[in-house]
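Here's the structure, in structure tokens; my notes come after.
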């Protein structure tokens, strides 16, 4: 892990850019006492997503956590993934033509991302948990591509609680992986999300094997999650990461 | 309104039994400064429900509200409603026989309750809002028979926010009334509620016209709402009754 830059944000939060191998990321911390870590997901494109990620990170750090994220494969300045780009183009074409999005397109779009991203998040986790500012207790994940979150929740025992956004296309294999997830979950669903199949999101919520799983459905589209859900996230992590 | 008894509970909360006309009720307050009012619903039978109602009331009063409830028509010590009792017996028989519960039974069970209860809650509201310990600002309702809550949300302009439990049989007319509800809503759904049709609960949530409506679904049966939803309720009312 190499730190490449740092700056102070509001409220004494230290933002540091880093790389783990070839993968760039950002870490937000405050103070030197070891804090529990929340990994923040996103749809890819750290620079484009930066304003929203930094706002989420400031809220997370204010609650006493360290927050970190890394770039997704094929996104931002990372080498493109030709197969994923082709599938994304087919997806957009199908949506614009008003045609149904086939399982095949979704699998070619999402599965290569999951297969490559999950080991990268695990490598980042190894590096982050070795820092003195981060404690080696339970880790949370919040948001991002839901199939990546589900796979991480299955394969990574250090992750103890997951906040998932039901807002992206989900391959069938994610449903079978969901049946193996047993950690506490908070799933946020935008009821009128134009890029989301509501019934599929409800079916996925039903599939999780977790004894504690909560669905919060709110009105509005993909980016319209109400501000008060930030408080819900804080209380969810406070129950499970402390 | 006549107060018939009073006692001090924990934390300085004053519990007073009262009647409005022939309808008995309970009021919980703390201190003399005017507080916003939350009306607490229940399935009927104040004495049987008392432990759970008092626990909810203590939590509500601790957050700075006054809490009140009244007995439902045909329940507790009030005169029985023969038609409702007959419909309830038919409902239990159908459930025990594993038969579907017909719309007709649900309507004969719920609609007479709604028609009689709603004016009684409004009369109680008149009396309660005249008390110096209760301010004349927005009123919240929490829980109880969902069809009563929906009707109150439509016809009673003093009610500004409703927390509804998706857990009872719902006549078709409640769906058309739900389309007229525009106040902020928080709907709690127990995902595995044995006495509840999950899809019907989701359809009812979809029907509400409220711009701010949030669904919280948790695992477990009818009485298994997690304790942390008490915090959700407090934050919901803090946004809308202050």
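Chains as they are written, first to last, in the working numbering: chain P, 106 to 347; chain E, 106 to 347.
The C-beta atom is built at its ideal place from N, Cα and C for all residues, glycine as well.
Treat the numbers as computed from the prediction; the structure is a model and nothing was measured.
Continuous beta strand (DSSP E) stretch holding residue i: start and end
i                     : result
residue 226 (chain E) : Where residue 226 (chain E) is concerned, there is no enclosing beta strand (DSSP E), although the alpha helix (DSSP H) it sits in stretches over 208-234.
residue 129 (chain E) : 128-134
residue 340 (chain E) : No beta strand (DSSP E) contains residue 340 (chain E), which is instead part of the alpha helix (DSSP H) from 333-346.
residue 245 (chain P) : 244-248
residue 119 (chain E) : 119-125
residue 369 (chain E) : This structure gives no information on residue 369 (chain E), because the portion of chain E shown stretches from 106 to 347.
residue 110 (chain E) : 107-113
Residue i, buried or exposed, once every other Cβ within 10 Å from all chains shown has been counted against 16
i                     : result
residue 107 (chain E) : exposed
residue 198 (chain P) : exposed
residue 187 (chain P) : exposed
residue 237 (chain E) : exposed
residue 153 (chain E) : exposed
residue 116 (chain E) : exposed
residue 135 (chain E) : buried
residue 209 (chain E) : exposed
residue 267 (chain E) : buried
residue 120 (chain E) : buried
residue 256 (chain E) : buried
residue 161 (chain P) : buried
residue 332 (chain P) : exposed
residue 259 (chain P) : buried
residue 276 (chain E) : buried
CB contact below 7 angstroms: residue i versus chain E
i                     : result
residue 147 (chain P) : no
residue 322 (chain P) : yes
residue 318 (chain P) : yes
Whole-angstrom C-beta distance between residue j and residue i, which should lie under 8 angstroms
i                     : j                     : result
residue 144 (chain E) : residue 173 (chain E) : 6 angstroms
residue 288 (chain E) : residue 265 (chain E) : 6 angstroms
residue 336 (chain P) : residue 293 (chain P) : The Cβ separation is near 13 angstroms, so there is no contact.
residue 295 (chain P) : residue 326 (chain P) : 6 angstroms
residue 316 (chain P) : residue 305 (chain E) : Contact flag wrong, Cβ pair sits at about 25 angstroms.
residue 215 (chain P) : residue 252 (chain P) : 5 angstroms
residue 163 (chain E) : residue 114 (chain E) : 7 angstroms
residue 110 (chain P) : residue 122 (chain P) : 5 angstroms
residue 125 (chain E) : residue 200 (chain E) : That belief does not hold up - the Cβ atoms of residue 125 (chain E) and residue 200 (chain E) are roughly 34 angstroms apart, past 8 angstroms.
residue 233 (chain E) : residue 142 (chain E) : 6 angstroms
residue 245 (chain P) : residue 346 (chain P) : 5 angstroms
_Could you tell me which whole beta strand (DSSP E) segments of length 3 or greater appear in the stretch 295-330 of chain E?_
318-323
_Report the start-end ranges of each alpha helix (DSSP H) in the stretch 253-288 of chain E that is 4 residues or longer and not cut off at the edges._
277-283
*Can you list, in chain order, the stretches of the beta strand (DSSP E) that have 3 or more residues and sit fully within the stretch 143-213 of chain P?*
171-175
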